[in-house]
Structures are given as structure tokens and as C-alpha cells.
Amino acid sequence: MIILGIETSCDETAAALVDDQRRVLAQRLLSQHAEHRPYGGVVPEIAARAHLDHLDGLIAGTLADAGVTLADVDGIAATGGPGLIGGVIVGVMTAKALSVATGKPFLAVNHLEAHALTARLSDAVAFPYLLLLVSGGHCQLLIVRGVGDYRRLGTTIDDAAGECLDKAAKMMGLGHPGGPALERAAVGGDPARFALPRPLRGRPGCDLSFSGLKTAVRQVLDRLPPGPLSARDRADLAASVQQAVTDVLVERGARAMALFVEETAGGAEAPAPALVVAGGVAANGTLRAALDVLCADRGFRFVAPPLALCTDNAAMVAWAGLERLRLGRTESLDFRPRPRWPLDPSAPRPAGAGA
Ligand code: ATP
Ligand code: MG
Ligand code: FE
């Protein structure tokens with residue numbers, strides 16, 4: 001079984017082919033970072049136009065790279081949301097058109113589910129597993145019970161972790177996208193130099209919060225000499241921010257681990273529980289190392305997909321489409337792109353939070 005996947009929900013235009021042997025046959029990806037950099041963030045209209053300009057060529061190139069034609073493909077999957085609606089429409093309409101032209105089934109993939117199931121493509125992780133989803137727009141702890149079956153244990157009550165890193169990096173003049181720039185700037189920095197808050201530490205539950213951290217970074221910057229940061233201050237502040245975000249995720253993650261064990265307690269023969277990290281922030285080396293230590297300490301298996309599968313890509317969309325097709329969950333051509341599409345619709349929506 002071969003699935004074509006299309007990703008256009010933010011500022012990456014991507015196409016990929018995966019098969020049911022968990023092989024990525026080919027993938028092409030075009031990041032629009034340079035186009036958005038002058039604005040310090042993603043501009044939806046520019047993103048939508050760029051997807052429209054490049055998607056067809058990326059799909060043709062991906063098919064050529066893999067040496068297959070659309071006749072060899074068993075289904076066409078596109079991110080159907082959540083995301084910037086103009087981009088999602090471009091991907092969905094392209095997938096629907098290809099579906100009509102070829103008679104192959106159309107699969108509408110939830111972008112968050114694509115992040116969530118990536119570890120089954122990279123590492124064949126079995127259900128259920130605990131998921132820390134940390135991306136530009138989302139920050140959640142979930143029990144992944146099966147395809148389309150999620151229980152949310154906690155979510156951010158304000159900003160996502162990636163959003164916090166992006167905003168801190170922007171205030172520090174590190175450029176866009178902020179997460180990777182901040183990670184580079186932090187090399188050699190002292191993570192204990194600036195005392196930044198760890199919001200919600202010690203509070204019950206698994207919800208997260210990052211807006212206080214962002215405000216604290218602003219206050220640190222206001223106390224430092226005006227003008228560009230010295231190399232030392234830049235490295236120390238970047239390292240301090242990265243450590244604060246990591247500490248919050250580790251503390252909240254530990255609470256979720258305890259809940260996961262309670263809810264899924266298997267018999268004596270049950271395999272070790274797994275913690276999977278997914279989403280763009282999961283590419284961060286400091287976070288990965290800290291979660292690895294946490295898992296070793298708690299008897300969890302730690303699963304972190306390769307960096308290129310953490311940030312947005314189409315292989316994860318193709319894989320989620322494949323998992324859905326295997327269960328017969330195709331979508332009709334009436335599917336409407338969904339700007340908001342929570343993984344666990346039964347979970348309460350905290351004030352001011354995203355999907
Ligand atoms: P969502 O998946 O919530 O819809 P998105 O698709 O825009 O949002 P992703 O591409 O999954 O998000 O992740 C992008 C985020 O990951 C950005 O906030 C970016 O700064 C962050 N990020 C990427 N690489 C790193 C890194 N090495 N360290 C920290 N953060 C990173
Ligand atoms: Mg992106
Ligand atoms: Fe994403």
C-alpha cells in the first residue's frame with residue numbers, strides 16, 4: 001500500500017510517499033522561512049500563495065523521485081486542518097482533484113494526528129502510548145489509544161511552547177523561526193544565569209502555561225543594556241529560556257506519566273509504557289535529553305522521531321492517511337477544511353487556548 005501525503009497547513013509546502021512497510025519512498029519539502037522572515041512571523045496570505053505556486057511541482061517531483069505514478073498510489077492524503085485556512089484549502093483541493101482524476105480514495109488528515117502518529121512510522125510504537133505534543137500552535141499531553149482515539153490529560157492554558165520560544169527569540173532579535181535560532185544561540189550559555197519562572201510548577205493536573213515566561217523574558221531584556229545583546233547575554237538568556245521551557249515540560253510530563261500508568265495499568269507481562277514526543281519543538285536537543293533522563297528514571301521507553309519528522313513534513317501526513325485507509329476511514333469529497341480540529345473533542349477548552 002502506497003499513500004501520497006500533502007502538507008500545507010503552515011509555512012512548509014511538502015509532498016511525500018510512504019508505504020505500509022513504514023518506508024518513506026520519497027519526500028520533497030519547501031520551507032517558506034525566507035519569505036516570512038522580514039515580517040518576523042508567518043503571514044497567512046503569503047503562505048497560501050506560496051503553497052499554490054509550489055505544490056504541484058513538489059508532488060510531481062516526489063512521484064518522479066520514487067519512480068512511481070499516481071496509478072501505483074492507493075490513497076491521497078492531505079492535512080485537512082487545523083492550520084492557516086488558506087494553505088489548508090490549497091492542499092485539500094489539490095488532493096480532492098487528484099482523487100477525482102485517479103479514482104483513488106481521499107483522506108483528510110488532522111495535522112495534530114499526523115504529528116501524533118509519526119512515532120508509529122519511525123519506531124512502530126504500539127497503542128496506547130503517552131504523547132507530549134509540542135509544536136508552534138499546540139502544547140498538549142495525551143493518551144494515544146488508537147487512530148482517532150485520544151484522551152487529553154492536559155493542554156496549555158495560554159501560549160504553546162513553540163510560540164513562547166518564537167516570541168522570546170523575536171524579542172532577543174534572533175529571527176524567525178525562533179525555536180531553532182534560540183537553540184543555536186544557547187550553545188555555551190549558562191542556563192542558570194537568569195531566574196525565569198516555571199509556570200504552574202507543583203500545581204495539580206497536567207495543564208501547562210508559558211505566557212508568564214514570555215513576560216519574564218521581556219523584563220530581563222528591559223534590565224539589560226539597550227541595543228543588541230552581548231554575545232554572553234544572548235547565549236545565557238537563550239540557554240535560560242530553553243531550560244525553563246524544558247523544565248516545565250518535564251515536570252508536567254512526569255505528572256502525565258503517573259496518570260498514564262494509572263489509566264492503562266497492564267498485567268505483569270505488559271511492555272514498558274512509552275513516552276512519545278512530537279511536533280516541531282521535539283527537535284530541540286535539550287528537551288530530548290531531559291525527557292530521555294525522565295523516562296529512564298520512571299521506567300518508560302522514550303521515543304523521539306528523527307528531527308525531520310518532528311517539524312512539519314508530508315511523510316507524517318501520508319502515514320496518518322495510511323493508518324486511516326487501513327481502517328477504511330476515507331473521506332468524501334464534501335469534506336470541508338477545518339481551521340480548528342481538536343484531537344479530543346470531549347476535553348474542556350481552557351480559557352484562551354487553541355484546539
Ligand atoms: P502546529 O503543529 O501546532 O499546527 P506548526 O505546524 O506551525 O504548529 P511545527 O512545525 O510542528 O508547528 O513546529 C514549529 C515550532 O517548532 C516553532 O515554534 C519552532 O520554533 C519550533 N522548533 C522547531 N525546531 C526547534 C528546535 N530545534 N528547538 C526548539 N523549537 C523548535
Ligand atoms: Mg513551519
Ligand atoms: Fe505542525
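In UniProt numbering, the protein residues as written are 1 to 355. The beta carbon of each residue, even a glycine, is placed where N, CA and C say it ideally should be. Source: prediction; values computed, not measured.
- prompt: Listed by chain order, which residues have C-beta atoms less than 5 Å from any heavy atom of the ligand FE?
  reply: S135, D312
query: What distance in whole Å lies between the Cβ atoms of V68 and A78, which are believed to be in contact at a cut-off of 8 Å?
result: The residue labelled residue 78 in the question sits at position 78 within the sequence shown. The residue labelled residue 68 in the question sits at position 68 within the sequence shown. Between V68 and A78 the Cβ distance is about 18 Å, and since that is not below 8 Å, they are no contact.
message: Given a cut-off of 8 Å on the beta-carbon distance, is the pair S122 and L307 in contact?
response: The sequence position of residue 122 within the sequence shown is 122, counting from 1. The sequence position of residue 307 within the sequence shown is 307, counting from 1. Contact: no.
field: Sheet register partners of R301 (DSSP bridge)
entry: Looking up residue 301 in the sequence shown gives position 301. For R301, which the question treats as bridged, DSSP gives the partners A274.
- request: State the Cα-Cα distance for the pair P350 and A160, rounded to the nearest angstrom.
  value: As a working mapping, residue 350 is identified with position 350 in the sequence shown. As a working mapping, residue 160 is identified with position 160 in the sequence shown. When rounded, the distance between both Cα atoms is 13 Å.
message: Please return the same chain residues whose Cβ sits closer than 6 Å to the Cβ of A169, not counting the five positions on each side in sequence.
response: One-based indexing of the sequence shown puts residue 169 at position 169. Cβ neighbours of A169 beyond the five flanking positions: G178, A181, L182.
Inter-residue Cα distance where the pair is E263 and V144: For this step, residue 263 is matched to residue 263 along the sequence shown. For this step, residue 144 is matched to residue 144 along the sequence shown. Straight-line spacing of the CA atoms in E263 and V144 works out to 12 Å.
- request: Report the rounded CA-to-CA distance for L55 versus R203, giving the unit in angstroms.
  value: Position 55 of the sequence shown, counted from the first residue, corresponds to residue 55. Position 203 of the sequence shown, counted from the first residue, corresponds to residue 203. Whole-angstrom Cα-Cα distance: 45 Å.
query: What are the partner residues of R152, as DSSP defines its beta bridges?
result: As a position in the sequence shown, residue 152 is number 152, starting the count at 1. According to DSSP, R152 bridges with L142.
query: Just checking my contact of G321 with V187 at CB under 8 Å: how many whole Å lie between their CB atoms?
result: For this step, residue 321 is matched to residue 321 along the sequence shown. For this step, residue 187 is matched to residue 187 along the sequence shown. So it is not a contact: roughly 38 Å between Cβ atoms.
- prompt: Where does S240 fall in DSSP's three states?
  reply: Position 240 of the sequence shown holds residue 240. Note: S240 maps to helix in three-state DSSP.
query: Excluding the five sequence neighbours on either side, which residues of its own chain have a C-beta within less than 6 Å of the C-beta of C139, listed in chain order?
result: In the sequence shown, residue 139 corresponds to position 139, counting from 1. For C139, where only same-chain residues beyond five positions count, the Cβ hits under 6 Å are T156, A160, A161, L208.
field: Limits of the beta strand (DSSP E) - the one that V219 falls within
entry: Along the sequence shown, read from residue 1 onward, the residue named residue 219 stands at position 219. In the sequence on display, residue 219 carries Gln and not Val. Looking at the DSSP string, Q219 is not in any beta strand (DSSP E); the run it does join, the alpha helix (DSSP H), is 211-223.
- prompt: Less than 8 Å separating the beta-carbons of L4 and V73?
  reply: As a position in the sequence shown, residue 4 is number 4, starting the count at 1. As a position in the sequence shown, residue 73 is number 73, starting the count at 1. Yes. Within cutoff.
- prompt: In chain order, what residues of the same chain have a beta carbon less than 8 Å from the beta carbon of A353, not counting five sequence neighbours either side?
  reply: Stepping through the sequence shown from its first residue, residue 353 is reached at position 353. Annotation note: pLDDT 49 at A353 (below 50); position unreliable, no value reported.
query: If V281 and L165 are in contact, beta carbons under 8 Å, what's the gap, nearest whole angstrom?
result: Numbered from its first residue, the sequence shown carries residue 281 at position 281. Numbered from its first residue, the sequence shown carries residue 165 at position 165. Sure, about 7 Å apart at Cβ, within 8 Å.
- request: For C310, verify whether its CB is less than 7 Å away from any heavy atom of the ligand MG.
  value: Counting from 1 along the sequence shown, the entry for residue 310 is found at position 310. Because no heavy atom of the ligand MG lies under 7 Å away, the Cβ of C310 does not count as near it: no.
- request: Would you tell me roughly how many angstroms separate the C-alpha atoms of L291 and A231, rounded to the nearest one?
  value: The sequence position of residue 291 within the sequence shown is 291, counting from 1. The sequence position of residue 231 within the sequence shown is 231, counting from 1. Near 28 Å, if we compare the C-alpha coordinates of A231 and L291.
message: Quick test of the definition: if touching needs 3 or more C-beta pairs under 8 Å, does the segment 240-255 touch the segment 101-120?
response: no
- prompt: R349 bridges to which residues according to DSSP?
  reply: Numbered from 1 along the sequence shown, position 349 holds the residue referred to as residue 349. According to DSSP, which records beta bridges pairwise, R349 is partnered with nothing at all.
task: Would you mind stating whether S9 and G83 have Cβ atoms separated by less than 8 Å?
output: As a first step, residue 9 is located in the sequence shown; it is residue number 9 there, counting from the start. As a first step, residue 83 is located in the sequence shown; it is residue number 83 there, counting from the start. In contact: S9 and G83 (Cβ atoms closer than 8 Å).
- prompt: Is it the case that the CB of E45 approaches a heavy atom of the ligand MG more closely than 7 Å?
  reply: As a position in the sequence shown, residue 45 is number 45, starting the count at 1. Checking every heavy atom of the ligand MG against the Cβ of E45, none is found closer than 7 Å.
task: Kindly list the residues whose CB is nearer than 8 Å to the CB of F210, restricted to its own chain and excluding five residues on each side of it in sequence; keep chain order.
output: Position 210 of the sequence shown, counted from the start, is the residue given in the question as residue 210. For F210, where only same-chain residues beyond five positions count, the Cβ hits under 8 Å are C139, T156, D158, D159, A160, A161, E163, C164, P199, V245, V248.
task: Just tell me which of Q243, I76, A16, R326 has its CA closest to the CA of G103.
output: Indexing the sequence shown from 1 puts residue 103 at position 103. It is I76 whose Cα lies nearest to the Cα of G103.
field: Contact under 8 Å by Cβ, P197 with L221
entry: Counting from one through the sequence shown, the residue named residue 197 turns up at place 197. Counting from one through the sequence shown, the residue named residue 221 turns up at place 221. Going by C-beta atoms, P197 is not nearer than 8 Å to L221.
query: In terms of DSSP beta bridges, what is N110 paired with?
result: Translated into the one-based positions of the sequence shown, residue 110 becomes position 110. Within the DSSP bridge table, the entry for N110 names G81 as partners.
- prompt: Can you tell me the Cα-Cα spacing of R326 and D190, whole angstroms?
  reply: Taking the first residue of the sequence shown as 1, we reach residue 326 at position 326. Taking the first residue of the sequence shown as 1, we reach residue 190 at position 190. The alpha-carbon atoms of R326 and D190 are separated by roughly 49 Å.
field: G40: first and last residue of the uninterrupted beta strand (DSSP E) it sits in
entry: What you label residue 40 is simply residue 40 of the sequence shown in a count that begins at 1. Unbroken run through G40: none, as it is neither H nor E.
message: Measuring straight from C-alpha to C-alpha, what distance separates L259 and G81?
response: Here residue 259 refers to the residue found at position 259 of the sequence shown. Here residue 81 refers to the residue found at position 81 of the sequence shown. In a straight line, the C-alpha of L259 is about 29 Å away from that of G81.
message: Please report the distance separating the alpha-carbon of T215 from that of L130.
response: Here residue 215 refers to the residue found at position 215 of the sequence shown. Here residue 130 refers to the residue found at position 130 of the sequence shown. Cα to Cα, the separation comes out at about 30 Å.
- request: With hydrogens ignored, establish whether the beta-carbon of V9 is closer than 7 Å to any heavy atom of the ligand ATP.
  value: Residue 9 sits at position 9 when you count from the first residue of the sequence shown. Residue identity check: residue 9 is Ser in the sequence provided, not Val. Placement of the Cβ of S9 at a distance of less than 7 Å from at least one heavy atom of the ligand ATP is found.
field: Rounded straight-line distance, which links the Cα of G146 to that of S346
entry: Your numbering for residue 346 matches position 346 in the sequence shown. Your numbering for residue 146 matches position 146 in the sequence shown. Taking the straight line joining both Cα atoms gives about 16 Å.
field: For A181, the first and last residue of its enclosing alpha helix (DSSP H)
entry: Counting from 1 along the sequence shown, the entry for residue 181 is found at position 181. Per DSSP, A181 belongs to the alpha helix (DSSP H) from 178-185.
query: What does V24 pair with, by DSSP beta-bridge criteria?
result: The residue given as residue 24 occupies position 24 in the sequence shown. V24 pairs with V18.
message: Using only CA atoms, which one of A254, T330, R120 lies nearest to V293?
response: One-based indexing of the sequence shown puts residue 293 at position 293. Minimum Cα distance to V293 is reached at A254.
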